[in-house]
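Please read the structure below before turning to the comments.
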Amino acid sequence: MFPPRSQRILLAVLAASALLSAFSGRLNPYFLDVALGAGISVVLASSLNLINGFTGQFSLGHAGFMAVGAYASAMLTTTLAPRLGLSANLLQWGFFPLSLVAGGLLAALAGIAVGAPSLRLKGDYLAIVTLGFGEIIKVVLQNVDAVGASRGLTGIPSHTNLFWVFGSAAVTVYVVWGLLNSTYGRGFLAVADDEVAAEAMGLNTTRYKITAFVVGAFFAGVAGGLYAHLKGYLNPGGFSFDKSIEIVVMVILGGMGRHSGVVVAALLLTVLTESLRQTGAFRMIVYSVLLIVLMLTRPQGLFVWPLWSKKEGRP
Amino acid sequence: MTEFLQQVLNGVSLGAIYALIALGYTMVYGVLRFINFAHSDVFMLGAFVGWAAVERLHLPTRSFGGGLAALALAMAVCAILGVVIEKLAYKPLRNRSTLTVLITAIGVSLLIQNVSQNPTIGFGPNPRAFPELFPARQIHLGGLTVSTNQIVVLAVTVVLLAVLYWIVHRTKTGTAMRALSFNATAASLVGINNDRIISFTFALGSALAGAGGVLYATNYPSIDPLMGTLPGLKAFVAAVLGGIGNLPGAALGGLLIGLVETFVSGTRLSTFRDAIAFAILIAILLFRPAGLLGKLKVEKV
């Protein structure tokens, strides 16, 4: 059952992002760029949280799903959109969201493709399969001439704005939250807690895992579309293993299976990455040390307090 | 036919290197049940030790003695490194969830890569030329061309595999390793020091990876801090293909992956070379998740 409060919050965030978006012309462009990047990170981290956190699977291929969505939506707006002769407004407010959804659907299809063979695999095997899948996507993109092969895809119109980014982020968090608080969604937690017991209770654990992959991949695809229309340029190398790790770190830092912690971690890490940009080569060293120390000392995540977990209904 | 044999030869010499790396993955998996992601970076560091042995320690190049000395040095350094990684990062995590250990391993891997890539404290991101450790000559046998490097790779691999077989099956430590991978609790009950055996396993696996790194670099003489990632992943696929935890399986898997990759390189699909290993991985997990030589374990509740 969805408490109406969550819907009110969703509407409030949507309205706020629409309002902010209207004034985005007055914002510092650098600040705007970081804010948009942070919003996309929230979409990515929250959707990965459904797979890695709540369902207890371990996917290392989120960048692959993101790449599918990014290329799909970018191909739509660069090749199909000019032929339709739509007005600029209609492109940004009508065609663009459709292309995002299309990218998400294609990524979801990829999610089925990964989820189906991985159904019997656990833990580290699944991690490697998803990693391998991400690499396959990258290699394929590097070889398909229609999407620019390894030269990359250029000339993508910049449709991404604050409304679409934060709107998508709000919808993602809302859907993941709502899904987990529904009767059906409790099954995800059951799969994470004890797969054998869940199966014994009559849950179709395989279906749950695939559903998690499909929903997670869909939003990763949407995030990819947003990313494509923010940067205006796509390169297969940008969707490598490192990108997947970045998203995984956000989920771990926020605490796997926590809604608010992961959102905070996604925002914080994007801003932190941006402010560490001056230190250049030392940035990734800090990142990896952070990951190790966190696992050794606080594997449940940084932003987890008893108070929060009670509210979120996860024991 | 000559071309076919030539490809088989090239494939086997590449596969031998994959086999060396795969053995490390499979041994660590055998005793600790997790994928040591940092293994591919130990492989990379092995290549860099080989490079440093010539450039910094001035070992003679183009000689078998110097080459073997560099190889031994790389193996020793990597063995120590493997033990250090295990003690610092993995030992505090015994009895924690697989996921925690896996994430830590990814963290260690990223740390090694990024420290190595750092120009001030590491090697810097640019590729370096790897010196000619062994005298490189081409030998023509009928229509086949065999390079001395390929012969070195095959000879060293065969020797190392024989030594490994001897350690695992004929020594007390090796017996303890097998006991540990069979049942860790029972092993400690009969007086095996699990921590020591785990460290030994890491040393052994890392030494093989170090040797693999030097041999790989002699055949592909350009080394950089990220060179370990792809061979490492392919070697892992090889370990899964053969049946993870199974030593002959890892060797067989390595050879098969090397062969398939070489044959794919010879066709029009050559640019998809790097994706083939993963396609094999997905196929094997679908149809025979225990691997070619592995036994399927039934999960008991």
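The listed protein sequences correspond, in order, to chains B and X. Residues in the first sequence are numbered consecutively from 1293, following this note's numbering. Residues in the second sequence are numbered consecutively from 188, following this note's numbering. For every residue, glycine included, the Cβ atom is placed at its ideal position computed from N, Cα and C. If you're wondering where the values come from, they're calculated on a predicted model, not measured in any experiment.
Cβ distance (whole Å) where S1351 of chain B is taken to contact L1340 of chain B below 8 Å = 7 Å
query = Between V270 of chain X and the rest of its own chain, which residues show a CB-CB distance below 8 Å, the 5 nearest in sequence each way excluded?
reply = S386, F389, A390 and S393
message = Which of the three DSSP states is assigned to Q325 of chain X in this structure?
response = strand
Alpha helix (DSSP H) segments (min. 4 residues) lying fully within the region 1464 to 1522 of chain B = 1478 to 1485 and 1487 to 1492
ask   = Where does the unbroken beta strand (DSSP E) through L280 of chain X begin, and where does it stop?
value = Element bounds for L280 of chain X: n/a, residue is neither H nor E.
key: Per-residue DSSP class, three states only, for I469 of chain X   = helix
query = Straight-line CA distance for I463 of chain X to G440 of chain X?
reply = 14 Å
inquiry  = My assumption, with CB atoms under 8 Å, is that L1526 of chain B sits in contact with A1362 of chain B. Please give the rounded CB distance.
reply    = 6 Å
request  = Mind listing, in chain order, the continuous beta strand (DSSP E) runs of no fewer than 3 residues lying wholly within the region 299 to 360 of chain X?
outcome  = 325 to 328 and 331 to 334
ask   = So which of X:I384, X:G217, X:M231 and X:F423 has the shortest CA-CA distance to Q304 of chain X?
value = X:M231
query = Whose C-beta lies closer than 6 Å to the C-beta of P247 of chain X among residues of the same chain, with five residues either side of it excluded?
reply = G253
task = Examine the Cβ distances between the region 1446 to 1457 of chain B and the region 1517 to 1525 of chain B and report whether three or more of them are shorter than 8 Å.
result = yes
key: Cβ shell of L280 of chain X (< 8 Å), same chain only, five flanking positions each side left out   = T287, V288 and T291
ask   = The alpha helix (DSSP H) with E273 of chain X in it runs from where to where?
value = Segment: none, E273 of chain X is in no alpha helix (DSSP H) and carries neither H nor E.
ask   = Checking contacts by CB at 8 Å: is L181 of chain X closer than that to chain B?
value = Residue 181 of chain X lies beyond the range of chain X shown here (188 to 488); nothing can be said about it.
Neighbourhood of F224 of chain X by C-beta, 6 Å cutoff - its chain only, sequence neighbours within 5 removed = A292, I293 and S296
key: Proximity below 8 Å, CB of N1475 of chain B to CB of F1511 of chain B   = According to the sequence shown, residue 1475 of chain B is Thr rather than Asn. Their beta carbons are not under 8 Å apart, which means T1475 of chain B does not touch F1511 of chain B by this criterion.
message = Looking at G432 of chain X: is its Cβ nearer than 8 Å to the Cβ of G217 of chain X?
response = yes
Candidates B:A1402, B:G1517, B:V1432 and B:A1330: closest to A1509 of chain B by CA position = B:A1402
request  = Answer with buried or exposed for S368 of chain X, where buried requires no fewer than 16 other C-beta atoms within 10 angstroms of its C-beta.
outcome  = buried
key: P1528 of chain B, buried or exposed, once every other Cβ within 10 Å from all chains shown has been counted against 16   = buried
request  = Verify the CB distance criterion: does L1599 of chain B have a CB-CB separation below 8 Å to chain X?
outcome  = Note that L1599 of chain B scores a pLDDT of 44, beneath 50, so its modelled location is shaky; the value from the coordinates is reported in the next line. Taking Cβ atoms only, chain X never reaches closer than 8 Å to L1599 of chain B, which makes this a no.
task = Would you identify the three-state DSSP class for I410 of chain X, choosing helix, strand or coil?
result = strand
inquiry  = Can you look up L1278 of chain B in the DSSP assignment and give me helix, strand or coil?
reply    = Examination of residue 1278 of chain B is not possible in this model, given that chain B is present from 1293 through 1607 alone.
ask   = Quick one: which chain B residues come within Cβ less than 7 Å of N491 of chain X?
value = The shown model of chain X, from 188 to 488, leaves out residue 491 of chain X, and the question about it has no answer.
request  = Could you pull out every residue in the same chain whose Cβ sits closer than 7 Å to the Cβ of G453 of chain X, ignoring the five residues on either side in sequence?
outcome  = Q194
inquiry  = Using only the alpha-carbon positions, how far apart do L434 of chain X and L347 of chain X sit?
reply    = 13 Å
key: Reference A437 of chain X; option with closest CA among X:L395, X:A256 and X:A276   = X:L395
query = What does V295 of chain X reach in chain B if we use C-beta pairs closer than 8 Å?
reply = S1580 and I1584
query = Less than 8 Å separating the beta-carbons of A1558 of chain B and L1302 of chain B?
reply = no
task = Let me know the secondary structure DSSP gives L1568 of chain B once reduced to three states.
result = coil
request  = Consider the Cβ of Y1417 of chain B: report whether some Cβ of chain X lies at a distance smaller than 8 Å.
outcome  = yes
query = So is L1481 of chain B in contact with chain X if we call contact Cβ pairs under 8 Å?
reply = no
query = For L244 of chain X, does the three-state DSSP call read helix, strand or coil?
reply = coil
ask   = With a CB to CB cut of under 6 Å and the five nearest residues on each side skipped, what residues in its chain are close to R324 of chain X?
value = T335
inquiry  = Quick check: the Cα distance between K482 of chain X and L1390 of chain B, rounded to an integer number of angstroms?
reply    = 49 Å
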